[in-house]
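Engineer: The structure is given below, and queries will be raised subsequently.
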Amino acid sequence: MMFRELNERYYALLERLGVKDQDLRAEYFYDLIDKYSQPYRAYHNISHIARCLSLFDLIPEGTTRYPDELEFAIFYHDIFHFPWSGKNEELSAEYAEWIAAYNLNIQTYSTIGYIINSTKKHGGGSMAADLMCDIDLSILGAPPDEFAIYNQQIKEEYTEVFPITLYRAERLEVMNKFYNRTIRGGLFKTILFADMFQEQAKENLTKLLY
5 MMFRELNERY YALLERLGVK DQDLRAEYFY DLIDKYSQPY RAYHNISHIA RCLSLFDLIP
65 EGTTRYPDEL EFAIFYHDIF HFPWSGKNEE LSAEYAEWIA AYNLNIQTYS TIGYIINSTK
125 KHGGGSMAAD LMCDIDLSIL GAPPDEFAIY NQQIKEEYTE VFPITLYRAE RLEVMNKFYN
185 RTIRGGLFKT ILFADMFQEQ AKENLTKLLY
């Protein structure tokens, strides 16, 4: 998904949500691009957002009552991503809510915040939140070459600030949790994403860990 496509898509989304001011839409979009272009973002960058949006497009119409809120959440769910912080999801949700609250009704911006916060432990909780978590975790079920690139990019992000030994220990713990969820058949919350990614995720994580 190219820059122009993202731009047009973002503008159309904000217009549907009621943001009619073209200058304001442009300001928000370029702020978003600027944040996702920070040099330490090897994985959590605008390419990640584009991938997430391409998966969002596979969701059948009517699956969630809040498709626009979910799409907005996709754009903003990693707007703050500091490898050293344990509050990235909360910060991203607050920022998205702040932008939405300035222009939209309370139900819309609170729904957006809820969806983004659900990615902290990938626990879901509503259909929109479940879909957000599944989209975010779908990289674990990517083809092996794409999964390998993802792992290298995550390593690059985190070893910029953490010693390699600490990174490996923390990464092993996280991947083991995902592996255990995969074995139990609970990595993905929705049938749609489980059908697409569950088996490959199990294969990828098995090879990574064992």
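Following the working numbering, the numbering of the sequence shown begins with 5 at its first residue and continues without gaps.
Glycine included, every Cβ here is placed at the ideal spot set by N, Cα and C.
1) Buried or exposed for glycine 189, please, with buried defined as at least 16 other CB atoms from any protein chain shown within 10 angstroms of its CB.
2) Cα-Cα, which of Leu57, Arg175, Asp82 and Pro147 is closest to proline 71?
3) On the three-state DSSP scale, how would you describe glutamine 42?
4) Which residues in the same chain as tyrosine 14 place their Cβ atom closer than 6 Å to its Cβ, once the five residues preceding and following it in sequence are excluded?
5) Short check: CB of glutamate 101 to CB of lysine 124, under 7 Å?
6) Nearest-angstrom Cα distance between glutamine 156 and aspartate 38?
7) Can you check whether the CB of isoleucine 116 is closer than 7 Å to the CB of alanine 132?
8) Spatial neighbours of leucine 59 within its chain, please: CB distance less than 7 Å, with the 5 preceding and 5 following residues excluded, ordered by chain position.
9) Residue range of the alpha helix (DSSP H) that glutamate 134 falls in?
10) Check for me: the alpha helix (DSSP H) holding leucine 59 runs from which residue to which?
11) Please report how far the alpha carbon of tyrosine 154 lies from the alpha carbon of arginine 20, in whole angstroms.
12) Using DSSP with H/G/I as helix, E/B as strand and the rest coil, what is glutamate 94?
13) In terms of alpha-carbon separation, which member of Phe151, Ile50, Leu213 and Glu9 lies closest to isoleucine 235?
14) Taking the straight line between their C-alpha atoms, what separation do you get for lysine 181 and glycine 128?
15) Use the C-beta contact count for lysine 193: other C-beta atoms within 10 angstroms, 16 or more gives buried, fewer gives exposed.
16) Does DSSP put glycine 190 in a helix, in a strand, or in coil?
17) Considering only the beta carbon of each residue, do tyrosine 80 and serine 96 sit closer than 7 Å?
18) Helix or strand or just coil, what does DSSP make of lysine 24?
19) What are the boundary residues of the alpha helix (DSSP H) that includes leucine 209?
20) Is DSSP giving threonine 123 helix, strand or coil here?
Structural biologist: By the coordinates alone:
1) To locate residue 189, count along the sequence shown from 1; it is residue 185. So glycine 189 ends up on the exposed side.
2) By one-based count along the sequence shown, residue 71 stands at place 67. Proline 71 has its Cα closest to that of Leu57, out of Leu57, Arg175, Asp82 and Pro147.
3) Numbered from its first residue, the sequence shown carries residue 42 at position 38. Glutamine 42: coil per DSSP, three-state reduction.
4) Stepping through the sequence shown from its first residue, residue 14 is reached at position 10. Within the same chain, tyrosine 14 has close Cβ partners Phe33.
5) As a first step, residue 101 is located in the sequence shown; it is residue number 97 there, counting from the start. As a first step, residue 124 is located in the sequence shown; it is residue number 120 there, counting from the start. Using a Cβ distance threshold of 7 Å, glutamate 101 and lysine 124 do not count as a contacting pair.
6) Here residue 156 is taken as the residue at index 152 of the sequence shown, counted from 1. Here residue 38 is taken as the residue at index 34 of the sequence shown, counted from 1. If you draw a straight line from the Cα of glutamine 156 to the Cα of aspartate 38, it comes to about 23 Å.
7) For the purposes of this step, residue 132 is identified with residue 128 of the sequence shown, where counting begins at 1. For the purposes of this step, residue 116 is identified with residue 112 of the sequence shown, where counting begins at 1. Cβ distance not < 7 Å, so alanine 132 and isoleucine 116 don't count as in contact.
8) Here the question's residue 59 lines up with position 55 in the sequence shown. Excluding sequence neighbours, leucine 59 sits near Ile139 and Ser142.
9) The residue you call residue 134 lines up with position 130 of the sequence shown. Looking at the sequence shown, residue 134 is not glutamate but aspartate. That run of the alpha helix (DSSP H) goes 131-141.
10) Counting from one through the sequence shown, the residue named residue 59 turns up at place 55. Here the alpha helix (DSSP H) through leucine 59 covers 50-60.
11) If you number the sequence shown from 1, residue 154 lands on position 150. If you number the sequence shown from 1, residue 20 lands on position 16. Spanning the two alpha carbons is a distance of roughly 33 Å.
12) On the sequence shown, position 90 is the one that residue 94 refers to. Looking at glutamate 94 - three-state DSSP - the assignment turns out to be helix.
13) Past the edges of the chain, shown from 5 to 214, lies residue 235, and the structure says nothing about it.
14) In the sequence shown, residue 181 corresponds to position 177, counting from 1. In the sequence shown, residue 128 corresponds to position 124, counting from 1. Cα-Cα distance, rounded: 16 Å.
15) Numbered from 1 along the sequence shown, position 189 holds the residue referred to as residue 193. By the neighbour-count rule (16 or more Cβ atoms within 10 Å), lysine 193 is buried.
16) Stepping through the sequence shown from its first residue, residue 190 is reached at position 186. Glycine 190 falls in the coil class under three-state DSSP.
17) The residue labelled residue 80 in the question sits at position 76 within the sequence shown. The residue labelled residue 96 in the question sits at position 92 within the sequence shown. Result yes, Cβ atoms of tyrosine 80 and serine 96 sit closer than 7 Å.
18) For this step, residue 24 is matched to residue 20 along the sequence shown. Residue state, collapsed to three classes: coil.
19) Within the sequence shown, residue 209 is the residue found at index 205, counting from 1. Segment 195-213, the alpha helix (DSSP H) holding leucine 209.
20) Counted from its first residue, the sequence shown places residue 123 at position 119. Secondary structure at threonine 123: coil, using DSSP grouped into helix, strand and coil.
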